[in-house]
Amino acid sequence: MDRSYKELLKLRRFPHTWCPGCGIGAVLKNVAMVMKELGWNYKNTVAVSGIGCSGRMSGYMNLDALHTPHGRPLTAAEAIKTVRSDLNVMVLSGDGDLASIGGNHLLHTSRRNPDITVFCNDNEIYGLTGGQAGPTTPQGTKTLTSPRGEHHSPLRLGRILTQQAPYFYARTTVYHLNHFKTCIREALLWKGFSFVDIISDCIELNGRRLGFKTAHQMFKWFDERFHIVEGERDQLQEDELGIAKAVVKEVPRPAEKEEVKPEIPMEGLKPFTLEELERFDGQEGRPIYMAYQGKVYDLSASPLFQGEKRMRCHLGGKDLTKDLDIAPHGEDLIFKFPLVGKME
Amino acid sequence: MKRLVSGNEAIFQGAIRVGANYFAGYPISPTSEILQQAALYSEENPGFRFLQAEDEIAAAIATISASLAGAKAFTATSGPGFTLMQEALGWGHVVEAPCVFVNSMRVGPSTGMPTQPAQSDLLQVKAGTAGDVYPLAFYPNSVEECFRLTATAFNAAEESLSPVILLADAFLSHLYELVDLEGSTLHIVPRTKDPLGSGQRLFTGAAHDKMGNVKTSDPVNYREWLRELKDRHDRVAERYPFFEYLPCKNSETLLIAFGMTSRVVLALKDRFSIFRPIRIYPVLEKELEEVSQSYRHIIVVEGNDGQYASWVECALCQKVMKVSCLGGGFKLKWIQSQIEDGLKGVGR
Amino acid sequence: MKPRLNVLWNEIYCKRCLLCVEVCPVQVLTLERNEIEEKEGCIRCYQCERYCPDIAIEVMDEKGEK
Chain D
1 MDRSYKELLK LRRFPHTWCP GCGIGAVLKN VAMVMKELGW NYKNTVAVSG
51 IGCSGRMSGY MNLDALHTPH GRPLTAAEAI KTVRSDLNVM VLSGDGDLAS
101 IGGNHLLHTS RRNPDITVFC NDNEIYGLTG GQAGPTTPQG TKTLTSPRGE
151 HHSPLRLGRI LTQQAPYFYA RTTVYHLNHF KTCIREALLW KGFSFVDIIS
201 DCIELNGRRL GFKTAHQMFK WFDERFHIVE GERDQLQEDE LGIAKAVVKE
251 VPRPAEKEEV KPEIPMEGLK PFTLEELERF DGQEGRPIYM AYQGKVYDLS
301 ASPLFQGEKR MRCHLGGKDL TKDLDIAPHG EDLIFKFPLV GKME
Chain L
1001 MKRLVSGNEA IFQGAIRVGA NYFAGYPISP TSEILQQAAL YSEENPGFRF
1051 LQAEDEIAAA IATISASLAG AKAFTATSGP GFTLMQEALG WGHVVEAPCV
1101 FVNSMRVGPS TGMPTQPAQS DLLQVKAGTA GDVYPLAFYP NSVEECFRLT
1151 ATAFNAAEES LSPVILLADA FLSHLYELVD LEGSTLHIVP RTKDPLGSGQ
1201 RLFTGAAHDK MGNVKTSDPV NYREWLRELK DRHDRVAERY PFFEYLPCKN
1251 SETLLIAFGM TSRVVLALKD RFSIFRPIRI YPVLEKELEE VSQSYRHIIV
1301 VEGNDGQYAS WVECALCQKV MKVSCLGGGF KLKWIQSQIE DGLKGVGR
Chain W
2001 MKPRLNVLWN EIYCKRCLLC VEVCPVQVLT LERNEIEEKE GCIRCYQCER
2051 YCPDIAIEVM DEKGEK
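Chains as they are written, first to last, in the working numbering: chain D, 1 to 344; chain L, 1001 to 1348; chain W, 2001 to 2066.
Pasting the structure below:
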């Protein structure tokens, strides 16, 4: 058996801080195994964690690792990936950190689709603080903050993260080890935002309250609750373990439209001098003429040139070429009006 | 060549000139222009990375993370956004991330008066985040100074390995002045910290020892760490003892004002001496003590209810008079009448 | 410490969660006096090592090496 993955772990800090039977140890170990197989090490990989039991994971890895404030590992990972696109960036965190306090960041980081991989140790409880209800706690579960059973239905990460392509969402458990490792590998190799929802056990602070005596009994419970589905999927049902992914097909950009300016023959148009033009100022029933780029237009029909409410620049009988450069509208407004002559 | 430049643009240009290559921000009056310029600049310069974050929390975290990744990063916000950024600011001090936070102050608390200037975030700079931190903060009062002090802030950040705060106010952000940005030269301190991906370090917000081992129940280790942080900041602060002192021969009164209020009270320079701290925090205690010795009265004129005055009182161990320009009203006439009333009250 | 048959056990890393004991298909592992003991009959399926979250168990190969 290949045990070289151990060089990616800070064994001098072992035994790690988690409770006996905790699933986070399995997440740490299996991620390290797949990283080793892929040849990822401290020179090309950065791990980012949030707060919580699972937030300690990055500290046990022989990498440059970030331990961010509560809920912020996704933003931190995205920023690192933006600045250093040569680095592989992965987030090792938990459901409370990513889905509750970091929920907003989860939505928006997945929307911006940076090339990072997120491992969410989803134990359906706030473990570090003693077992309070979390965003993914199933309805009816008794916890410290839901003593008569959780009232609200849990956040369905699988639904949220598979709303619009591209996405990569995998659900697996720490019990289905082969499937677990496949998901890790595929997620690490996915170009773009990939999210692995790892159903994990918190035996001490959740399992015992649920009536389980050992971690293994919780594993059996996972086996009852979930089943593996094979093949390419767009969506996962709530009881399915598998990988749902979608890519965006590159749509060719529409060629930019070339602006077609109306070509108007200059011959045969009535010539105007500036003095003549000035007479057509709209006063005493005369029409309103204006010059623009050597052509004279009849603007009598424009509502902006009527009565008391006319706007600052809209006076009749002027050459407007210069004024239009600073106007808030384009020249196309003028082309709508009838052409009546040209300037001398 | 001189051209008309706003305070916001000067801050952005100063950052670019000192080598900034990452900006993360969220729109807020009155610093949205910095965000907009960063967006445009990043389109034209692929080396400059830009993130319009989903909120100020993310913007601040991204700024610090980018800094750890090796970028010279900065963000810009105003009072309410700065409040959201406090979490990251504390984190930035612990993980030793050099970066710059620009806070252009507006009237608070909460949404307050978004378009009106204020100077009311001084205490937030010092004590906004949990625990003890000693952030460096500079406060320019002209567009040209906005440009230069942005560079100073970046340099001080590199030296102190911490976030440094550049204060401004809504007036200054939108003030246009003729300045020659391209012609001025700036001193640049390069990055000394190794970027991510070059070691096996742990950058954690939890208390830790020098090896990066988390030590969350070791008071001796914590005390050592905090003393080192404070010493480092004090050392860097000593390099930037920036202030402006305009003595007036016949005056027994010293006016202390900074930022936009110092521009207003400048009209009184023939009647009163004026002291303008530029390094707002750590407080210029030594300099204040020296200058204030020859004056009977000290009046602090500021756009808040006596925040800097309380620091001056601590530094000088004496009561000072306060003139508080609240709600964005920085009117010379009103300030003058307040000063006169105050002086009458103490029997001039 | 007694000589090991097939399974190496790291006393310091182990937290006695009993996962190895329960996943073993032939039940050769037991916890006795706070130590993981091994009986004859290991089929070398590596389940205990794969499931151990603490990297406390290693199964030796046929030659008795790691």
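By construction, the Cβ of each residue, glycine as well, lies at the ideal position given by its N, Cα and C atoms.
Nearest Cα to L:G1183 within the set L:A1071, L:G1014, L:I1274, L:S1104: L:G1014. With respect to the 8 Å criterion, L:T1129 and L:G1090 are classified as neighbours on the basis of their beta carbons.
Here D:K336 is not near D:G294, since their CB atoms are 8 Å or more apart. With contacts defined as CB atoms closer than 8 Å, L:F1138 and L:I1011 fail to qualify as a contacting pair. The beta carbon of L:A1118 sits no closer than 8 Å to any beta carbon of chain D. By the Cβ neighbour-count rule, D:Q164 is exposed, with fewer than 16 other Cβ atoms within 10 Å of its own. With contact defined as three or more Cβ pairs closer than 8 Å, the region 32-45 of chain D and the region 171-185 of chain D are in contact. As computed with DSSP, D:K270 is found in a beta bridge with D:G341. Taking each of L:I1335, L:M1211, L:K1215, L:E1244 in turn and checking the Cα distance to L:T1261, the smallest one comes out for L:I1335.
Look at L:Q1052 here: in three-state DSSP terms it is strand. Scanning chain D for C-beta atoms nearer than 9 Å to the C-beta of W:L2018 yields P20, G21, T214, A215, H216, reported in chain order. Within the region 1091-1113 of chain L, the residues whose Cβ lies closer than 9 Å to any Cβ of chain D are, in chain order, W1091, V1095. By the rule that beta-carbons nearer than 8 Å mark a contact, L:A1069 touches chain D. Listed by position along chain L, the residues whose Cβ is nearer than 7 Å to that of D:N104 are E1054, D1055.
If you look at L:Y1134, you'll find it isn't in any beta strand (DSSP E); DSSP assigns it neither H nor E. Shown here, D:H179 sits in a helix according to DSSP, grouped into three states.
Here D:K318 is buried, its C-beta having at least 16 other C-beta atoms within 10 Å. In this structure, DSSP gives L:H1297 an extended state, which the three-state scheme calls strand. Secondary structure of D:E284 (DSSP, three-state): helix. With respect to the C-alpha of D:F14, the residue from D:N62, D:H329, D:T273 having the closest C-alpha is D:N62. For L:P1277, no alpha helix (DSSP H) encloses it; the enclosing beta strand (DSSP E) starts and ends at 1273-1277. Below the 9 Å Cβ cutoff, chain D contributes H16, W18, P20, G21, C22, G23, I24, G25, A26, V27, L28, K29, V174, A215 as neighbours of W:P2053, in chain order. For the pair W:C2045 and W:C2020, the CB atoms are not nearer than the 8 Å cut-off. Excluding residues up to 5 positions away in sequence, P271, T273 lie with their Cβ nearer than 6 Å to the Cβ of D:E344 in the same chain.
When DSSP states are grouped into helix, strand and coil, D:I228 belongs to the strand group. The bridge partners DSSP lists for D:K245 are D:F168.
Here L:N1250 carries a coil assignment [DSSP, helix/strand/coil].
Under the Cβ criterion of 8 Å, D:M1 is counted among the residues facing chain W. The shortest CA-to-CA distance from L:S1162 to any of L:R1263, L:V1095, L:L1226, L:S1104 is the one to L:V1095. Restricting attention to L:K1072, L:P1117, L:D1121, L:G1131, the CA atom closest to the CA of L:E1087 is found in L:G1131. Going by DSSP, D:G23 is part of no beta strand (DSSP E) but of the alpha helix (DSSP H) stretching over 23-38.
Shown here for D:L28: same chain residues with a beta carbon closer than 8 Å to its own, the five before and five after excluded, namely L9, H16, M57, Y60, M61, L92 in chain order. Contact between L:A1024 and L:A1062 holds: CB atoms are separated by about 4 Å, below the 8 Å threshold. Counting C-beta atoms within 10 angstroms of its own C-beta, W:I2043 has fewer than 16 neighbours from the protein chains shown and is therefore classed as exposed. At least one CB atom of chain D sits nearer than 8 Å to the CB of W:I2012.
If you draw a 10 Å sphere on the C-beta of L:H1187, you find fewer than 16 other C-beta atoms in it, and that means exposed.
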